[in-house]
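Colleague:
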Amino acid sequence: MIRKLLKSDWQSIGVFFLLCVAVGLSIPPFRFLIEQSMMMQMVIQMPLLFIGGAFLNHFPRAKKITQFVSPFNTFGLTGFMLAQIILIYWMLPISIDRAVVIPIYDIAKVISMIIAGFWVGDALERSPPALQLFFIGYFAAMMIWLGIYFINSDLRLCNVYSLSSQYWTGYCLCFISAAIVTFWSFLVLKK
Amino acid sequence: MRNHENSSVEIIGTLCATLIILFLGIWLFLGSTLQGQAYTTEALRQAELNENPKKIKSLILVNSDQQIIELANLSKDQRVYIVDFMYTRCQTVCLSLGSVFQNLQAKILAQGLEKKIGLASISFDPKNDDPQALQRYEKRMQMQTDVWRAYSLQDANQRDLLLNSFGIMVIPAPLDEFEHNAALHLLKNNTLYRIFPLDDADNALLQAVGLSQ
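Each protein sequence line maps, in turn, to chains D and W. Okay, so the first sequence: first residue is 1 according to my numbering, each after it adds one. Okay, so the second sequence: first residue is 192 according to my numbering, each after it adds one.
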């Protein structure tokens, strides 16, 4: 489904650039951005890594990997499950703190978010809409809940971020959930 | 027919793979949240102490009378200290922290616990908080100095040691302020026993009384 959006080499360059930006946010000259703002990490960096991962699917070598494991990935179920677990893990406030404070967690975050995007990109091509609805709907509902919790909570959930940063991230998470559902509905209806 | 067999084998393989990933995920979850007890760093800090109290490194403090006191000697008088962290310029969370401590002070005096329990506010901004600043803070907070005192670090280089040994994270906020994880720390004989959230002050006092016996 996503592969159709990519038509030329220019678009592969675009994917490469996108991933460079996302990974670059974890590396010193720009790292202060994700250290200061929860939005930079949860609203900009993590989704970029995920989207970059999803588009990586387009490359022929990636196709070989997905073909190889396809016997264990009927309808993309395994891929969806793996991505779901990775995404939920990085929603936990304790994981977000660790990604900022402990470098090895940050590396794990970058790699695992790309992997999650990669397998969701693959799963979207294998799965029937009902299965997609289950995973995407569930994920969106969870993220809206988290967003509302971030907006309403007087507690700082992440020790590394300020309360106001948490508040605005909450709104953005709700917005992203709505955008995901809209985009997905668009892709399904277009078929 | 062959096709059908293939697909059912594939479905079983997929289900097994999905289940393995699911169990690995649950294991990862439980492992990283202290068996589901702590979803935030703050909760982890509190839950870890419940299992093993933590010795605090030696820190040199100074009070508003310019007396130099080692943290280890702070509770030499056998009192249990309820400790919080602040900086005297603070206008935001420290004010609510201050009122929590004022209530605690009133309760300690009302119940005659001042020989058993002390209150200590330790500044993590030793560059700005000298003994004069501490004195102004003590006045502003109406501290009864036999119950509640403000301290600062004698050596500003010990700031990181102070923050790390208690697990406090300080981040800069607008208007030259700080934000930090404010909580009530129960300290006795240089050992950190428990940490309570600010809205659980009554419980903290109760536990402090228990600890002092």
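Note that beta-carbon positions come from the ideal geometry of N, C-alpha and C, so glycine has one too. None of the values given here were measured: they were computed from a predicted structure.
When the Cα of W/Pro383 is compared with those of W/Tyr230, W/Asn243, W/Phe369, W/Gln404, which residue comes out closest?
Modeller: By one-based count along the second sequence, residue 383 of chain W stands at place 192. The displayed chain sequence assigns Leu, not Pro, to residue 383 of chain W. Measuring from the Cα of W/Leu383, the nearest candidate turns out to be W/Asn243.
Colleague: Taking the runs of the alpha helix (DSSP H) that are 4 residues or longer, which of them lie wholly in the region 281 to 324 of chain W?
Modeller: 284 to 301
Colleague: For the beta strand (DSSP E) that W/Trp339 lies in, which residues bound it at each end?
Modeller: Here residue 339 of chain W corresponds to residue number 148 of the second sequence, with the count starting at 1. Start and end: 339 to 344.
Colleague: Quick one: does W/Gly148 have its CB under 7 Å from some CB of chain D?
Modeller: The question about residue 148 of chain W has no answer here: the residues shown for chain W are numbered 192 through 404.
Colleague: Nearest chain W C-beta to D/Ile85 closer than 7 Å, yes or no?
Modeller: Taking the first residue of the first sequence as 1, we reach residue 85 of chain D at position 85. Yes, because at least one Cβ of chain W sits closer than 7 Å to the Cβ of D/Ile85.
Colleague: Is DSSP giving D/Tyr161 helix, strand or coil here?
Modeller: As a working note, residue 161 of chain D is residue 161 in the first sequence. Looking at D/Tyr161 - three-state DSSP - the assignment turns out to be coil, as it is neither helix nor strand.
Colleague: Would you give the residue range spanned by the beta strand (DSSP E) that D/Ile136 belongs to?
Modeller: Position 136 of the first sequence holds residue 136 of chain D. For D/Ile136, there is no enclosing beta strand (DSSP E); the residue is part of the alpha helix (DSSP H) that begins and ends at 129 to 152.
Colleague: Would you mind listing the beta strand (DSSP E) stretches within the region 370 to 400 of chain W that are 3+ residues and don't spill past its ends, in chain order?
Modeller: 375 to 379, 382 to 387
Colleague: Comparing the C-beta of W/Ile386 with each C-beta of chain D, is any distance below 7 Å?
Modeller: Translated into positions along the second sequence, residue 386 of chain W becomes position 195. Closer than 7 Å: no.
Colleague: Would the C-beta of W/Ser249 count as close to the ligand ADP, meaning under 6 Å from any of its heavy atoms?
Modeller: You won't find the ligand ADP in this model; it holds no ligand whatsoever.
Colleague: Taking Cβ-Cβ distances shorter than 8 Å, what residues in chain D pair up with W/Met277?
Modeller: In the second sequence, residue 277 of chain W corresponds to position 86, counting from 1. Residues of chain D passing the Cβ test: none, with the nearest at roughly 16 Å.
Colleague: I need the DSSP call for W/Asn414, collapsed to helix, strand or coil.
Modeller: Coverage of chain W is limited to positions 192 through 404, which leaves residue 414 of chain W absent and any answer about it impossible.
Colleague: Shorter than 7 Å from the beta carbon of W/Glu239 to some beta carbon of chain D?
Modeller: As a position in the second sequence, residue 239 of chain W is number 48, starting the count at 1. No, its Cβ sits nowhere closer than 7 Å to a Cβ of chain D.
Colleague: Taking a cut of 7 Å between CB atoms, which residues from the region 64 to 83 of chain D lie near chain W?
Modeller: Pro71, Phe72, Asn73, Thr74, Leu77, Thr78, Met81, Leu82
Colleague: At a Cβ threshold of 7 Å, is W/Asn319 touching chain D?
Modeller: Within the second sequence, residue 319 of chain W is the residue found at index 128, counting from 1. No, W/Asn319 does not count as interfacial toward chain D.
Colleague: Any C-beta of chain W within less than 7 Å: which residues of the region 119 to 141 of chain D qualify?
Modeller: none
Colleague: Does the separation of the CB atoms of W/Ser312 and W/Met277 fall below 7 Å?
Modeller: Counted from its first residue, the second sequence places residue 312 of chain W at position 121. Counted from its first residue, the second sequence places residue 277 of chain W at position 86. Cβ atoms of W/Ser312 and W/Met277: closer than 7 Å.
Colleague: So, using beta-carbon positions, are D/Leu206 and D/Leu173 closer together than 7 Å?
Modeller: Nothing can be reported for residue 206 of chain D, as the shown portion of chain D is limited to 1 through 191.
Colleague: For W/Lys267, name the three-state secondary structure that DSSP assigns.
Modeller: Within the second sequence, numbered from 1, the residue matching residue 267 of chain W stands at position 76. Residue state, collapsed to three classes: coil.
Colleague: Of all the options W/Ala301, W/Lys318, W/Leu310, W/Gly358, which has the alpha carbon lying nearest to the alpha carbon of W/Glu329?
Modeller: Start at 1 with the first residue of the second sequence, and residue 329 of chain W comes out as number 138. With distances taken between Cα atoms, W/Glu329 lies closest to W/Leu310.
Colleague: How about W/Leu201 and D/Thr74: do their beta carbons lie closer than 7 Å?
Modeller: Residue 201 of chain W sits at position 10 when you count from the first residue of the second sequence. Residue 74 of chain D sits at position 74 when you count from the first residue of the first sequence. Here residue 201 of chain W is Glu; the residue named in the question, Leu, does not match the sequence. In this structure, D/Thr74 lies closer than 7 Å to W/Glu201 by Cβ.
Colleague: Going straight from the alpha carbon of W/Pro365 to that of W/Asp346, what length do you get?
Modeller: On the second sequence, position 174 is the one that residue 365 of chain W refers to. On the second sequence, position 155 is the one that residue 346 of chain W refers to. Those two C-alpha atoms are separated by around 26 Å.
Colleague: Report yes or no: is there a C-beta of chain D within less than 7 Å of the C-beta of W/Glu201?
Modeller: Position 10 of the second sequence, counting from 1, holds the residue named residue 201 of chain W. Flagged as an interface residue toward chain D: W/Glu201, by a C-beta distance shorter than 7 Å.
Colleague: Taking Cβ-Cβ distances shorter than 9 Å, what residues in chain W pair up with D/Val181?
Modeller: The residue labelled residue 181 of chain D in the question sits at position 181 within the first sequence. Correct list: empty, because the minimum Cβ distance to chain W is about 24 Å.
Colleague: Which of helix, strand or coil does DSSP assign to W/Ile251?
Modeller: Here the question's residue 251 of chain W lines up with position 60 in the second sequence. In this structure, W/Ile251 counts as strand in the three-state DSSP scheme.
Colleague: Return yes when the Cβ of W/Ala374 is within less than 7 Å of the Cβ of W/Leu388, no when it is not.
Modeller: Locating residue 388 of chain W in the second sequence gives position 197, where the first residue counts as 1. Locating residue 374 of chain W in the second sequence gives position 183, where the first residue counts as 1. Sequence inspection shows Pro at residue 388 of chain W; the Leu mentioned does not correspond to that position. Taking 7 Å as the Cβ cut-off, W/Pro388 and W/Ala374 qualify as a contacting pair.
Colleague: Residue range of the beta strand (DSSP E) that W/Val361 falls in?
Modeller: Locating residue 361 of chain W in the second sequence gives position 170, where the first residue counts as 1. Here the beta strand (DSSP E) through W/Val361 covers 361 to 364.
Colleague: Distance check for D/Arg126 and D/Leu19, CA to CA, integer angstroms please.
Modeller: By 1-based counting over the first sequence, the position of residue 19 of chain D is 19. By 1-based counting over the first sequence, the position of residue 126 of chain D is 126. Near 24 Å, if we compare the C-alpha coordinates of D/Arg126 and D/Leu19.
Colleague: Are the C-beta atoms of D/Val162 and some chain W residue less than 7 Å apart?
Modeller: Locating residue 162 of chain D in the first sequence gives position 162, where the first residue counts as 1. As written in the sequence, residue 162 of chain D is Ser, which differs from the Val given in the question. For D/Ser162, a Cβ of chain W is located within less than 7 Å of the residue's own Cβ.
Colleague: Beta strand (DSSP E) containing D/Ile27: first to last residue?
Modeller: Taking the first sequence and counting its residues from 1, the one referred to as residue 27 of chain D is at position 27. Per DSSP, D/Ile27 belongs to no beta strand (DSSP E) and is neither H nor E.
Colleague: From which residue to which residue does the alpha helix (DSSP H) around D/Ile44 run?
Modeller: As a working mapping, residue 44 of chain D is identified with position 44 in the first sequence. Unbroken run through D/Ile44: none, as it is neither H nor E.
Colleague: Just checking my contact of D/Phe135 with D/Phe80 at CB under 8 Å: how many whole Å lie between their CB atoms?
Modeller: Translated into the one-based positions of the first sequence, residue 135 of chain D becomes position 135. Translated into the one-based positions of the first sequence, residue 80 of chain D becomes position 80. The C-beta distance from D/Phe135 to D/Phe80 rounds to 5 Å, short enough to meet the 8 Å contact threshold.
Colleague: Could you run through the region 350 to 376 of chain W and flag, in chain order, every residue whose CB is less than 7 Å away from some CB of chain D?
Modeller: Met360, Ile362, Ala364, Glu370, Asn372
Colleague: For W/Leu354, tell me which candidate among W/Ser314, W/Asp367, W/Leu221, W/Ala341 has the shortest Cα-Cα distance.
Modeller: Mapped onto the second sequence, residue 354 of chain W falls at position 163. The candidate whose alpha carbon is nearest that of W/Leu354 is W/Ser314.
Colleague: Taking its Cβ as the centre, do 16 or more other Cβ atoms sit within 10 Å of D/Arg61, making it buried, or is it exposed?
Modeller: Against the first sequence, residue 61 of chain D aligns to sequence position 61. Exposed, because fewer than 16 other Cβ atoms sit within 10 Å of the Cβ of D/Arg61.
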